[in-house]
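In the numbering used here, the protein residues as written are 6 to 102. Structure, as structure tokens:
Encoded structure:
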């Protein structure tokens with residue numbers, strides 16, 4: 006847990022505050038008590054985001070594999086295009102007769 010030291014410090018301060026006998030909060034501070042729940046929830050959100058894996062970037066090997074597949078597809082499409090052109094030429098020749 007990335008924020009464990011912070012949680013421990015808050016817990017320690019809460020224990021110290023609770024152990025103060027005969028001291029009221031008014032004598033220590035004139036401010037109302039702070040609601041720590043939003044802080045705890047925000048810390049939990051940040052911890053969750055930090056726990057998620059980082060973006061995986063392309064490696065030279067993965068790029069090489071993609072380039073090879075691209076080249077294979079390009080070769081097949083080129084052959085298909087040449088065969089299609091040949092078929093169209095034959096059809097045109099037959100229609101001309």
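Ideal placement from N, C-alpha and C gives every residue a C-beta, glycine not left out.
Where the alpha helix (DSSP H) containing residue i begins and where it ends
i          : result
residue 57 : That residue, residue 57, is in no alpha helix (DSSP H); it is neither H nor E in DSSP.
residue 99 : 65-101
residue 18 : 9-24
Alpha-carbon to alpha-carbon, residue j and residue i
i           : j          : result
residue 54  : residue 45 : 14 angstroms
residue 18  : residue 63 : 47 angstroms
residue 51  : residue 78 : 44 angstroms
residue 65  : residue 59 : 18 angstroms
residue 100 : residue 61 : 57 angstroms
residue 20  : residue 48 : 21 angstroms
residue 102 : residue 96 : 10 angstroms
residue 67  : residue 39 : 52 angstroms
residue 72  : residue 92 : 30 angstroms
residue 86  : residue 56 : 50 angstroms
residue 81  : residue 8  : 55 angstroms
residue 43  : residue 12 : 14 angstroms
residue 88  : residue 98 : 15 angstroms
Spatial neighbours of residue i in its chain, beta-carbon cut-off 8 angstroms, leaving aside the 5 residues before and after
i          : result
residue 41 : 15
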